[in-house]
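Asker:
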Amino acid sequence: MFIYSTEEFKNEFEKLIKNNSYRDLEKEIIEYFFDKNIQDLCSGTRLNNSNDAPYIKKRLNGKGGYRVYFYLILKDDCLYLMFVHPKTGSEGSDNISNESKALLYKKVLECVKRNTPFYKIELQVFENIQKLKFILITQESD
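All residue numbers in the sequence shown are consecutive under the numbering used here, ending with 661.
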């Protein structure tokens, strides 16, 4: 499976992992999304009615953990991470607005069409420590 992210996800992720309160976010993302079959990732609340390309919000790490918004394209074996936010702490919030959800959906569709830059996410392991690496993908770099 290929895992990508929007600019919004990358920026929010990088901001959050700098905060000691959210030091487990990277581990949670790795454990939930990596080394999985794409069918295993279809659980969560569907925000659209598509079976082939579901837009999903998923709670990670229980009630006080994180909310991740992502888009799956089952036939292409692709996952696009769109946004993440903690449920608690200084950066915590209950949910994002319906307008924000719609804007994220619009932006991810632009990424899929390759009209806007996005990031491929790779898992790197160094001395038994797993880290996410974001690689910028532009139309020219196909």
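All residues carry an ideal CB built from backbone N, CA and C; glycine is no exception.
Taking residue 623 as part of the alpha helix (DSSP H), name the residues at either end of that continuous run.
Answerer: Here residue 623 corresponds to residue number 104 of the sequence shown, with the count starting at 1. Here the alpha helix (DSSP H) through residue 623 covers 617 to 631.
Asker: I need the boundaries of the beta strand (DSSP E) containing residue 642, first residue and last residue.
Answerer: To locate residue 642, count along the sequence shown from 1; it is residue 123. Its beta strand (DSSP E) spans residues 637 to 645.
Asker: The beta strand (DSSP E) with residue 544 in it runs from where to where?
Answerer: Looking up residue 544 in the sequence shown gives position 25. Residue 544 -> not in any beta strand (DSSP E); alpha helix (DSSP H) instead, spanning 544 to 552.
Asker: I'd like to know whether the C-beta atoms of residue 653 and residue 529 end up nearer to each other than 7 angstroms.
Answerer: Numbered from 1 along the sequence shown, position 134 holds the residue referred to as residue 653. Numbered from 1 along the sequence shown, position 10 holds the residue referred to as residue 529. Contact flag set, yes.
Asker: For residue 544, does the count of other Cβ atoms within 10 angstroms reach 16, so buried, or fall short, so exposed?
Answerer: Residue mapping note: residue 544 aligns to position 25 of the sequence shown, counting from 1. When all chains shown are included, residue 544 counts as buried.
Asker: Which of helix, strand or coil does DSSP assign to residue 593?
Answerer: Translated into the one-based positions of the sequence shown, residue 593 becomes position 74. Three-state result, residue 593: helix.
Asker: According to DSSP, which residues form a beta bridge with residue 541?
Answerer: On the sequence shown, residue 541 is found 22 positions in, with the first residue counted as 1. Answer is none; residue 541 lacks a bridge partner.
Asker: Under 7 angstroms between the Cβ atoms of residue 662 and residue 642?
Answerer: Lying outside 520 to 661, the shown extent of the chain, residue 662 is not represented and no answer is given.
Asker: Just mark residue 586 as buried or exposed, buried being the case when its beta carbon has 16 or more other beta carbons within 10 Å.
Answerer: In the sequence shown, counting from the first residue as 1, residue 586 sits at position 67. Per the 10 Å Cβ criterion, buried.
Asker: Quick one, are the C-beta atoms of residue 573 and residue 591 less than 7 angstroms apart?
Answerer: For the purposes of this step, residue 573 is identified with residue 54 of the sequence shown, where counting begins at 1. For the purposes of this step, residue 591 is identified with residue 72 of the sequence shown, where counting begins at 1. The answer is yes: Cβ separation under 7 angstroms.
Asker: For residue 577 and residue 563, which I take to be in contact (beta-carbon distance under 8 angstroms), what is that distance rounded to the nearest angstrom?
Answerer: Here residue 577 corresponds to residue number 58 of the sequence shown, with the count starting at 1. Here residue 563 corresponds to residue number 44 of the sequence shown, with the count starting at 1. Yes, residue 577 and residue 563 are in contact; Cβ-Cβ is about 4 angstroms, under 8 angstroms.
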